[in-house]
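To keep things clear, I will list the structure first and then write my remarks on it.
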Amino acid sequence: MNLISSNSVEIKELNLHQILIRGDHTPALSQLVKSQFKISLPKNNLEIEEDKNVICSKSSFDQWNIIFLQDTKIKIDTVIDKINENEKLLATNYSEGQIYLEVTGDNKIAVLNKITHFDFREQKFPSLTSAQTLIGRVDCSIYNLKNKMLITCNKSFGDHLKNQLIDAIKF
Amino acid sequence: MTAQNNKDVTHIAFHQSINFTFDGVKYRGFKGDTIASALIRNNVRVVGRSFKYHRPRGIYTCGIEEPNALVQILSEHNEPNTRATIKQIYEGLEVESQNCWPSLENDLGSINSLLSPLFSAGFYNKTFMRPRGFWKKVYEPLIRKAAGLGKPPKPFRTTSTQLHHHVDVVIVGGGLSGLLAAKSLAKTELKILIIEQDGFLGGILKNSNKISTIENKDNKLWIKELEKKLEGLENIKILKNTLATTYNYINHLIAIEDRTTGTLPLDGNVDQILHKIRADHIILANGHIERLVSFRNNDLPGIMLAGSFEKFIQRYGVIPETNPVIFSNNSSCLSLIKKLIDLNCKPQAYVDSRSGDKIEPELLKIIHKKNIPLFTNAHIEGCDGKKQVQEISVRDAEGIITKLKSKMLCVSGGFNPDVHLFTQSKGVLSWDDEYLTFKPDKSFQNTIVLGSNAGIFQYSKIVNDINTKLSFLDHEPLLEIDLTLNDTDKYSIEKLWETKHEKESRWSKSFIDLQNDVTTKDLRQGIQEGFDRIEHLKRFTTNSMGTDQGKISSINALGIVSEILDKKVSEVGTTIYRPPYAPLSFASIAGRGTYDFYDPERKTSIHEWHKKNGAIFEDVGQWKRPWYFKSHPEENLYEAVQREAVHVRKYAGVLDGSTLGKIEIKGSDALEFMNLMYTNNFSKMKPMSARYALMLGEDGMVMDDGIISKINDKHFIATTTTGGAAKVLSHMEEFAQTEWPHLNVFLNSITEQFCTFNISGPNTRLIMEKVFKDIKFDNENFPFMTFGNFTYLKSTVRILRASFTGELGYEIYVRPSIALKLWEDLFRFGKDEGLIAYGTETMHLLRAEKGYIIVGQDTDGSVTPHDMDLEWMIGKNKKDFIGKRSLTRTDTIRSDRKQLVGIKPIDPNDIIEEGQHIILTSSIKPPVKMLGHVTSSYVSPNLGHSFGMAVIKDGKKLIGSKAYVSSSSKGAFEIEIIKPIFIDEENKRLVS
Amino acid sequence: MSSHKNWEKMWRSPEPKASYDAIIIGGGGHGLGTAYYLAKEHGLTNIAVIEKGWLGGGNTGRNTTIIRSNYLWDESANLYEHSLKLWEGLTHDLNYNVMFSQRGVMNLAHTEHDIKEIKRRVSANTLNGIDSKWISKEEIQKLVPIMNTDNLRYPVLGASFQPRAGTARHDTVAWGYAMRADEMGVDIIQNCEAYKILTENGKVIGLETSKGIIKSKKIGVVASGHTSVLAESAGIRLPLQSKPLQALVSEPIKPVIDTVVMSNAVHAYVSQSDKGELVIGAGTDGYNSFTQRGGFDVVEDTIRAMVELYPVFGKMKMLRQWGGIVDISPDASPIISKCDIQGLYFNCGWGTGGFKATPGSANVFAHTVAKDEPHSINAAFSLDRFVSGKLVDEHGAAAVAH
Amino acid sequence: MLIIECPYCGPREQCEFTNGGEAHVSRPSNPEEVTDKEWSEYVFFRSNPKGIYFERWVHSHGCRKWFNAVRDTSTDKILRSYEIKNDKPSPADLEDSNLTTPSGEPDVGSGNFTVKKL
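Below, the structure written as C-alpha cells:
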C-alpha cells in the first residue's frame, strides 16, 4: 500500500516473499538455484541478478537473498525443505519477519541522506547492487534496482524506520 | 562624533527598517543588520559585563570571534550566550544583556572590580577555605550564583535536521582564495561543496576595502558573475550561513547551517541543519583573524579591532565613529584610512608602533595629504573614560604622553591564520617569524590550506599557491589575476604584544582575555607561581577558556609568556584547540533523534491485541513486553499478579514469548559446534527432542540459557533470553568465523520469522486438542521436551512441549501472518477451560516457585553453573566447551563460593525484597557482614507467603539453617534457608 | 590578604638526581598523591615523580570530576569510601582549596531491570555504612526541577542518591598534591618521559628516561592509559585496554542543576561547575586509541539523551569537547598491586572511574610501595586475581535484561 | 569517525562496525592441559600497544563478517584490513609508526600537540 508520496518521493510498502540461503558459492548451489528459481547466482559480492521479477543478491561470500518482486506460484516452504536436504546449505523463509519498502522519486537519495550515512553515489553503489547498513539506527538491506530502491528490515523495527522516512520527507 | 550610515552597500536593505528591543529599550535597524551593527547605528556602546570583574564591555569585533557582545534572546526560548555580531535582527526581536544585575548601567557585580587586587588569577584555590564547612554553606553558593553569563534558557524541543554529504572536495570559506579554487576546479566534474559562514560569498572582497577591483571588475560584480557560473554547474553546491565547526578523522566535517537568518524561528519548522560531510579532499580557505594589543584599560567600550571597524562600514553599512583614532603595529590599516576618506570622514590620529622608515610610503602619502596627525614609533599607553572611551593617551618615541579626546579607538595587533580547524585535522603548526604567528605546516589528512589561512599574506602569491596545491586534482590552472588594491601587496608587521603602563596601580588593568577578565599581570603572576607551561597557565588563569576560545588574544598570550620566559614562541607552543570551532547548539547535534526517534520501540505481532486487552507494558531491552494485564481499570500490578499466578496453576495461562531470541544452526559440523558453544552434551539427543541448555563465557560464568531443539545432528534451533538474543548470535558468529572456520556451520537469526506462544497449566492439553484437532498431545505421542512440525491454516507451526512455569505446557512457534488468528483461536477454545493471558511479572513469579533461574537477574556475570546448582547441565565426558577450563581455577573450584538457595520468612507476614542482603545478625548497624543478596522475591498466592531465591556464601551447607535478611522498612527479619524449589519438587506436573 | 606579589613557586622544576629511594611514573592526581602520602605518612622524601608532559595534563585534566562511593562489592565500597573520607579532609590537609562540593550524586533507573540492580547496590551500600538511599520520582523532581521524567522513551522510575558525593576542581587536586609533596622534598620532574624500566635478575634497579638513567630499587607506575606500554618495557603483561573516553562542557549559564545526575541506561551524566558550565560525560568508544579523541557519534548519542532528559538544554551550546585515554580492566576494577618483579608496583585499571578514587588510591598505593605489601583495602585488587578468577566484577552487576 | 575497509563490502563508516580486540590470539587447542596462568593469558590478557596494533573488527551492522586490520593506535590510521584466513602481515611490509619512544608521540597525526616538534 502507498505509505507516502510528496516532495517527489514515493514510498510503497509491499508484501514480498523472500528466501535467505546460507552456504558456500558452489556449483551445487548455483545449479539448485537455477533449477528452482530460473535465476543464476551473481558472480561478485553485493551484486544482484534480476530476471522476470525475481532478484537474487549475494550479500556476502556465503549469504544469498532471493526476493520475489511479484506473487509467485512457487511453493516457498517446499522448496526450502528441498534445499535444506543438503546438509551444507541453510535456507530460511524470511518473508514474514521483514517489511519491504519500495522507494522511488527524484528526491529519494536526498531524503535518505537525512537519516543514513550510507554513500549512494553511483560509483560507490551502482544499480543492481545490494548493501547491508544502518538507516535511522536500524539494520537494513538496500537493493538498488534500476530506478527504485528496495529497503527491507526486521518487522519489529518497521514502524521506527517508516516514521523516520516520513519525517525526513516532511522536514 | 557619532555613528553614520554608509548607504552604498548591497547587503543592508536601508528601505526596510526593523524594530527590536535591547534591555527593554526600542531601537531601529535595517534588514540585514546584526544586533551589533544595529546597536552601533544607535550609538549604544555598553553591551555586557565581564565574567569576573563585571567591567562594562562594548562590541570589540564584527564576527564569530566576538568575546564581549554575548546577549540573551528572550524571543527565542531565552537562548543565552548568542553572539550579537552574528545574530541578525528581525521585527519584534527581544534582546537582553547578560551577567549584570539589576541593570547594565549599574551592575552590583562591578564591586568585584574594586576588590580586583584580591581576585587575581587562581585566588579561588588559596581562599574560601576557612572556617571549615563555610565552603559548602557560604562561599560556594555565592560563587555559583555569580557565575555563568546568560540566564538558563526555557525548555525547547529541537526541530533541526541532519544531512549527510559524500563529495570529492569541500572548500571551507567562500572568500577570495575559496572562490578562486572553486573557479579552477569547476570543469573537473569533481563533486564540490563550498561552505560559507556568511549569507554572502566574497570574504575579504565584501568585508573590507582592501581590494576594489578584481579582473577589472568591481568586487560585487565579479562575485555575482562567478556565483552565477558556479550555481549553474551541476557538480558544485554552495551552502551559505553554514559554519564548519568540527574536522574529524578521516576527512569528516561537521558544519551547522542557520536556516532562519534574519527571521523569527517558528517552533516546528527546521531552524538548523547539521551537515555531516565526508570528502576525499578538504580545502581550508577560511582566512585569518585579527588580534588585539594589551594596553591599560584596553577593555573600555569604544575600543574595536581595526578590521572589524572596516567590516562594519563595508559589510554592514555603518561607520561606528566618523573620526576614530587608529593604532597599529602593521601595514593593514591603509584600506581603513582610504575608506574613511572616501566617505569624507577622517581619522582623528594614526598611531603606528613602527618607526617612520618601516611604514609603507603609500600610507604615509595619504596621511600627509589629508594631514592626519601621525605618531610613529609610538604606543597607546591607555584609555580612560566612564563606561566608554573618552580620552586616549599616546606615548611617542621620546616617551611623552599626548591625551586625545576621542570616543573610538581602532586597534590592530596583526593577523593570525585561523588554524583551529587545521589543528583539529591533526595537522601541526610552525611559527612564522616574519608574520609573527602560527601557520599550518604538516597536515596528516588530505587537507589543503590556501590563502591567508595558510599564512600567505601577499596578494601576488595567491594564484601561484592555488595552482601548485591543486595541480594533483588536474584543475584548470588559474591565470594571474590583476587586482587594484587599497592595500600594500605584502603585509608587514612588527612585534608588539603589550604597552607599558605610565604608572603602576592596583586597579589599572591591561587585558589579554576580555571575556574571562584575564590580565597580563595574571600571566606574570602565574609564571611566577610555577605555572610556566602554557597548558598550566591557561587553566590557572582561565585565559582563552571563554566562549570565544581566545580567538583574538591567545597568540598574544604566547608572545607575552615567551618574553617573560625568554624563550622562542615555538618553544612555548600552544594549547590544544578543542573542537568545536565555535559553540555548537545541542539541539542541532541531537537533530530528529529524540523522543519517539530516540530508540526503536520493538513490538511483537500481537501488540495491538495486548493493548486492547488491558496490558500494561515494561521495557525489556528495546522490546515492549506485557508486564501484567488489568482485568479491571483499578487493578494494580500486585493484584493482577496474585490473580494471574493462581489462575495459571489452577486452569491455564498463555504468555507472548515472541521477544525471546531464536537462532537456526545448520551444517555438517553443527553438532560439534553446539557441543563447543554450550555446556550440555547434545550428541546422544534423539532427533525432534529438546533440552534446556546453558552457555558460559570463556571466564566460566553463566552468560545465557535457552532451549535447544535438535531437528537432526546437522540442524538445531536455539532460543535465548530476550536481552541476550543479539549477544548470543554475535558470540556464536565470532567463534564460528574466527576460532573454528574449518567447521561447516551456518547461523541465522529467525527471531522475527516466528511468534512464540507459551501456554501452560492443567487444562492446557484440553485447549490444545480443541485448537489443533488432528494432533495428539498425550504423553506417548507427545512426550515432555519433544517437538513436532504441524500445519495450521496452511502454514507450518512448530510445537514444543516445554514449560517455564512448571505446569504442563507447550511452546507454539507460528508465522506472524497467522499469529493473531491462532492467538484468538486459543482464547476462543480456551475460554471455557479458564485460559487467561499473563505478563512477565507473573512469569517471573511462577518460574521462581519452580526454582528456575533467570539469567541476568539471578545471575550477574560472576556465578558459575555449580554456584547455580546446574552442574547437571554439564556434559559428563565432554572434552571441551567454552568456559570449561575456567571452572577448575583455584577461585572457581572453591566449595564455599556463593550458591543458589531458596529463602522464606519465619513470620509469614514479612515480605522479602529483591536486592536486600542475607546477614547473620538482626542488627544492621554498619559494617554488617553480608553472605549474599536476594536475586528474586515474590509474594506467592500459591504458597501463601513471600519467598525468594538468593545467592549466598557457602549456601548449600546453610540449607536448613536460619539467618536474617535486611529490609528497607524494618531493619532485618529472620528467614529460613531452604532448597531453591517451592512447588512440585518431583516435577510430576511437567510429565502429567 | 597581601597582594599576590610574594607568593613563591608552587613547585620547583629540578633536574633528576642520580638515584632515589622510589620513583613514581605519572604526574597526575594519583601519581602526585602517592608521592605526597609516601612523604607524609611513610617519611620517604627522597623520591621523584616523573611526568612526560605537564602535571595533571592526562586524565586528571580530562574527566567530569564526579566523586562518589556507592559501589556494589565490599572491596570496592571500602576503597572508594576510604577515598571519599580523604576527599572530605583534603582541602585542609593540603591547605589548598580543591573545591570539593558535596552536592549529591543520583543514579537514574529507566527500566525494571535498572530498579533491581540499583536497589541491590543501595542495600549493599547501607550495610557497608555508605550514605546511599533509594529516592522516588517525586524526590528526584524536587532535587532536579528541570528534569523531564515521564515524556521519554525510557521514563525515569526512581534513582539512588548519595548526598556526601559530588564534584571537585580537578586541576587543583594535582596542583595541591604537587605543591605539598614538593615542600616535603619530593622532586617533581616534568617533560621527562619514562622509556624503560631497568631490572636485574627479577629486581628493579632503575629507570631509563628522556633525561638519562635514574637509579632506584622501587618504581610505582601510575600512568593510566600508558601503564601497559611501560609494563611491557619490564616484560610484564597487564590485562588492560586503553580506550578513548569523551566529555564536553556547555557555555556557562546561571545555575540550573545543583546535583550530579548519572544515567547508565542512556550513557549520559551531567553536573554544573562553579563557573556555570554543564560538564557532560559519555560512554567509552569501543576501540583502543591513544589519540585523546573519539567519534562524534558517541557525543551525538549522549546529547540526544540529554536534550530529552533536560528540555532546557535544547537551547544550550557545546563549548568544548575532548577525550582521555582510560585503561580498562576485564572486571572494571583497578589493579593496585605488586608483580613478579621485586620493587615494581602498578596502580592502574581505573577505567572510567579514576578521579573519584584519587586520594584513596594514592594513599593505599603509597602504603604498598613503602611497605612492599598491599594495604588491607587494596589487597583484593591484585594482578593475580585474573589467574585465580577472584575478580571484583563491578560491571558484571549490570548484567543483561531477562 | 574512521572509515574501515570491510574485505567483503568495501569502505564503510565506523558506526557499522564493532571492534573485536586483539587479533591472532588463538584459543588453546587443548584447554585441559594448560596451566591456570596460561589460561588467564588467553581469557583476560591482550596486547595494548601504542603504535602498530593487529586487531579484529566485525561488520556488525552490515554483512556481519569478522576480519582483521592493522592500525596505528597513536594516530588511528588503519594501514590495511584483511580476511581472517590470511596470515598476519609481517611488520616489514607495513608502514612504520615512527614512534621513537614507547609512550612518545608521532611527529604528526596524534592530535595531542599542535606545534611541530623541532
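Heads up: the sequence lines are chains A, B, C and D, in that order. Using the numbering used here, the first residue of the first sequence is number 1001, and each one after it goes up by one. Using the numbering used here, the first residue of the second sequence is number 540, and each one after it goes up by one. Using the numbering used here, the first residue of the third sequence is number 5, and each one after it goes up by one. Using the numbering used here, the first residue of the fourth sequence is number 20, and each one after it goes up by one. Virtual Cβ for every residue (Gly too), placed ideally from N, Cα, C. Note that this is a predicted model, so its numbers are computed, not measured.
- In this model, residue 730/B and residue 724/B are separated by some 10 Å (Cα to Cα).
- According to the DSSP assignment, residue 129/C belongs to no beta strand (DSSP E) but to the alpha helix (DSSP H) extending over 116 to 131.
- At least 8 Å separates the beta-carbon of residue 778/B from that of residue 701/B.
- When C-beta distances to chain C are compared with 8 Å, the residues of the region 672 to 702 of chain B below that value are 674, 675, 679, 682, 683, 684, 686, 687, 688, 689, 690, 691, 692, 693, 694, 695, 696 and 697, in chain order.
- Contact note: residue 241/C reaches chain D through 64, using a C-beta cutoff of 7 Å and chain order.
- Interface criterion not met: the Cβ of residue 166/C is under 8 Å from no Cβ in chain B.
- Listed in chain order, the alpha helix (DSSP H) elements of length 4 or more contained wholly in the region 32 to 65 of chain C are 33 to 46.
- In summary, the residues of the region 1286 to 1307 of chain B whose CB is separated from some CB of chain A by less than 9 Å are 1286, 1287, 1288, 1289, 1290, 1291, 1292 and 1293, in the order they occur in the chain.
- Taking the Cα positions, residue 54/C is about 6 Å away from residue 30/C.
- Contact annotation: in the region 25 to 40 of chain D, residues whose CB is within less than 8 Å of a CB in chain A are 27, 28, 29, 31, 32, 34 and 35.
- For residue 120/D, not one C-beta of chain B is nearer than 8 Å to its own C-beta.
- Straight through space, the alpha carbons of residue 829/B and residue 267/C are spaced by roughly 43 Å.
- Taking the Cα positions, residue 692/B is about 50 Å away from residue 1512/B.
- Look at the region 1454 to 1467 of chain B: the residues with a C-beta under 8 Å from a C-beta of chain C are 1454, 1455, 1456, 1458, 1463, 1465, 1466 and 1467.
- For residue 263/C and residue 104/C, the gap between their C-alpha atoms comes out near 13 Å.
- Contact annotation for residue 257/C against chain B: 619, 620, 687, 688, 689, 690, 691 and 692 [CB-CB distance below 8 Å, chain order].
- Setting aside the 5 residues that flank it on each side, residue 1309/B is surrounded in the same chain by 1368, each with a C-beta closer than 7 Å to its C-beta; the list follows chain order.
- For residue 1231/B, the enclosing beta strand (DSSP E) starts and ends at 1228 to 1235.
- DSSP places residue 1162/B within a strand segment (E or B) once states are collapsed to three.
- Against chain A, the beta carbon of residue 84/D has neighbours under 7 Å at 1060, listed in chain order.
- Apart from sequence neighbours up to five positions away, no residue of its chain approaches residue 127/C with a beta-carbon distance below 7 Å.
- The Cβ neighbour count for residue 991/B, taken over all protein chains shown within 10 Å, is at least 16; the residue is labelled buried.
- For residue 1064/A, the enclosing beta strand (DSSP E) has its first and last residue at 1063 to 1068.
- Per DSSP, the beta-bridge partners of residue 833/B are 1037/B.
- For residue 1498/B, there is no enclosing alpha helix (DSSP H), as DSSP gives it neither H nor E.
- Distance from residue 284/C to residue 1128/B at the Cβ level is roughly 11 Å; contact not present, criterion being Cβ atoms closer than 8 Å.
- Closest in alpha carbon position to residue 45/D, among 903/B, 1278/B, 1358/B and 1285/B, is 1278/B.
- If one requires a minimum length of 3 residues, the beta strand (DSSP E) runs lying completely within the region 979 to 1059 of chain B are 986 to 988, 1022 to 1024 and 1050 to 1052, in chain order.
- Residue 61/D and residue 47/D have their alpha carbons spaced roughly 8 Å apart.
- Going by C-alpha positions, residue 1144/B is about 6 Å away from residue 1355/B.
- Restricting attention to 855/B, 599/B, 1230/B and 562/B, the CA atom closest to the CA of residue 551/B is found in 855/B.
- Boundaries for residue 97/C: no beta strand (DSSP E) harbours it, while the alpha helix (DSSP H) harbouring it runs 78 to 98, taken from the DSSP string.
- Note that the region 1476 to 1484 of chain B touches the region 1176 to 1184 of chain B; at least 3 beta-carbon pairs, one per stretch, sit closer than 8 Å.
- Taking the CA atoms as reference points, residue 918/B sits about 18 Å from residue 873/B.
- Residue 246/C is a Cβ neighbour of residue 331/C, given a cutoff of 8 Å.
- Cβ neighbours of residue 131/D within its own chain (closer than 6 Å, five residues either side excluded): 124.
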